[in-house]
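Colleague: Sharing a structure with you now.
Numbering (our numbering), first residue to last: 55 to 209.
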């Protein structure tokens, strides 16, 4: 999985040209396309905390986390270049939110034939969501909030 994460981050960063200003939509599209190209990451990230991390040795998990954090920091640094006014906390929250969203949404949109048939039998009006369409809309909202320093503070 660490290679999948590195591959996604590398592909995302390499998708940008120096000295070009990107719209929020373009950033959204680039991130989403690179994520879809790294489908294995979506599959594995969805079970990372519930299965993978609970079934390995402490040493393996610590080493895995060290390596992931290096790649993660590259992503934080790059996003901070795109949004220089964003705080590191906001960037970390953004990344966490959009990755978590991707995993949950991916698993709920990539259904087996059995799941789709059962859903159709249960509710004839159910509309199956398209991962890219829904993810891009939600990602764009998160990116807009990051760009404009919109934070939701719960008291």
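Beta carbons: idealized from backbone N, C-alpha and C, even for Gly. Please read these numbers as outputs of a predicted model, since none were measured by experiment.
Given this structure, state the Cα-to-Cα distance separating residue 131 from residue 169, to the nearest angstrom.
Modeller: A direct Cα-Cα distance of roughly 40 Å separates residue 131 from residue 169.
Colleague: For residue 81 and residue 197, which I take to be in contact (beta-carbon distance under 8 Å), what is that distance rounded to the nearest angstrom?
Modeller: 6 Å
Colleague: Where do the ends of the alpha helix (DSSP H) carrying residue 58 lie?
Modeller: 56-68
Colleague: Output the residue ranges of the alpha helix (DSSP H) runs that lie fully inside the segment 165-208 and measure 4 residues or longer, sorted by chain position.
Modeller: 167-176 and 185-201
Colleague: One question on the structure: do residue 78 and residue 194 come within less than 9 Å of each other, judged by their Cβ atoms?
Modeller: yes
Colleague: Once DSSP output is grouped into helix, strand and coil, what is the label at residue 160?
Modeller: It is helical.
Colleague: Using 8 Å as the Cβ pair cut-off and three pairs as the minimum, do the segment 93-100 and the segment 57-66 touch?
Modeller: yes
Colleague: Report the residue from 176, 180, 94 and 65 whose alpha carbon sits nearest the alpha carbon of residue 157.
Modeller: 94
Colleague: Given that a residue counts as buried once 16 or more other Cβ atoms are within 10 Å of its Cβ, and exposed if not, what is residue 159?
Modeller: buried
Colleague: Can you give, in chain order, each stretch of the beta strand (DSSP E) that sits fully within the segment 64-143 and has at least 3 residues?
Modeller: none
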